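Residue numbers (this note's numbering), protein chains in the order written: chain A, 360 to 494; chain B, 34 to 159.
Glycine residues also receive a C-beta, built at the ideal position from the N, C-alpha and C atoms.
Just so we're clear, the structure is a prediction, and the values are computed from it rather than from any experiment.
Structure record follows, encoded as structure tokens.
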């Protein structure tokens, strides 16, 4: 079955192009940091407090996916994807009862795909936080 | 498929490791794992990572139950993940000698597709 993606509406004003800066994982929390291509001092933080699985793939390696799915760009979400199916099947379908969604963050460097039943939070880092992070 | 063999990049080999944290600086990832009984951290640094995946151990119950040898540090050049990567990238990296490394720990399973620029070492925990 073909993957189906839809636009993931983010409640925050976002620039056209974001590129990957850094991400880190501690326990079940993922923090993703993306920079604004036009203004590198603007860093967007995306935080998932819980995840079942996540995958990062360089953009060049996803030619087939991008060619076949017009909506697999920018911020997208899905409840019907091969990645979601493979993880549910790998859990002996125990995860079927959870409302896990497949979230996609496709930026200029890579595609970050997160399977989670928790909503992500988005915020721009303050100038002080950016200064601390960069130094 | 999924022909994994034991991967022994460090001496002594780890036992019963658990996940501490992972940092991704864009193609370079650093993973910290700790041993249950010893005060030391296993650090793995991968450069030139093409794709990687971290999955909660509960979501990989089938792999763990059906493949008892799939534990600790293992490597494959013939796996479903590599096959997916080759299809998706339309064989663009077919001559890059990419391998699939798996780090099977108590908390999760980390799958990494990369070349062989890897550093693995023990660090005493302070």
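For residue i, the residue or residues it bridges with in DSSP
i, result
"residue 382 of chain A", "A:391 and B:57"
"residue 433 of chain A", "A:465"
"residue 91 of chain B", "Partner(s): none; residue 91 of chain B has no beta bridge."
"residue 105 of chain B", "B:137"
"residue 155 of chain B", "B:75"
"residue 110 of chain B", "Its beta-bridge partners do not exist; DSSP assigns none."
"residue 407 of chain A", "A:389"
"residue 399 of chain A", "Note: residue 399 of chain A sits in no beta bridge, so no partner."
"residue 475 of chain A", "A:460"
Sequence-distant residues of the same chain with beta carbon closer than 6 Å to residue i, five excluded per side
i, result
"residue 96 of chain B", "103"
"residue 93 of chain B", "142"
"residue 139 of chain B", "51"
"residue 415 of chain A", "469 and 471"
"residue 42 of chain B", "153"
"residue 454 of chain A", "447"
Three-way DSSP call (helix, strand, coil) for residue i in this model
i, result
"residue 422 of chain A", "helix"
"residue 126 of chain B", "coil"
"residue 481 of chain A", "strand"
"residue 52 of chain B", "strand"
"residue 489 of chain A", "helix"
"residue 441 of chain A", "helix"
"residue 144 of chain B", "strand"
"residue 98 of chain B", "helix"
"residue 459 of chain A", "coil"
Neighbourhood of residue i by C-beta, 7 Å cutoff - its chain only, sequence neighbours within 5 removed
i, result
"residue 148 of chain B", "81, 129, 130 and 131"
"residue 118 of chain B", "83, 84 and 146"
"residue 390 of chain A", "382, 383, 404 and 406"
"residue 126 of chain B", "83"
"residue 410 of chain A", "387, 389, 473, 474 and 475"
"residue 144 of chain B", "85, 86, 114, 133 and 135"
Cβ-based neighbour list, residue i, same chain, cut-off 8 Å, excluding 5 preceding and 5 following
i, result
"residue 365 of chain A", "430, 435, 436 and 437"
"residue 107 of chain B", "37, 38, 39, 40, 134, 135 and 137"
Report the residues of the stretch 100-115 of chain B with a CB closer than 7 Å to any CB of chain A, ordered along the chain. Taking 7 Å as the Cβ-Cβ cut-off against chain A, none of the residues of the stretch 100-115 of chain B qualify.
Near-chain B residues of the stretch 463-494 of chain A (beta-carbon distance less than 7 Å), N- to C-terminal order: 468
Meets three-Cβ-pair contact criterion under 8 Å: the stretch 447-466 of chain A and the stretch 107-124 of chain B: no
How do the stretch 427-444 of chain A and the stretch 35-49 of chain B stand: do at least 3 beta-carbon pairs fall below 8 Å, yes or no? no
Pairing CB atoms from the stretch 99-118 of chain B with CB atoms from the stretch 53-69 of chain B, are three or more of them under 8 Å? no
With contact counted as at least three CB pairs below 8 Å, one residue from each stretch, are the stretch 66-78 of chain B and the stretch 398-408 of chain A in contact? no
Meets three-Cβ-pair contact criterion under 8 Å: the stretch 371-382 of chain A and the stretch 466-477 of chain A: Per the Cβ contact rule, the stretch 371-382 of chain A is in contact with the stretch 466-477 of chain A (3 or more Cβ pairs under 8 Å).
Under 7 Å, CB to CB, which of the residues in the stretch 366-388 of chain A have a partner in chain B? 379, 381, 382, 383, 384 and 385
Which residues, in chain order, does the stretch 386-419 of chain A contribute to contact with chain B at a C-beta distance below 7 Å? 411, 412, 413, 414, 415, 416, 417 and 419
Going along the stretch 422-442 of chain A in order, which residues come within less than 8 Å of chain B, judged by CB to CB distance? 422, 423 and 424
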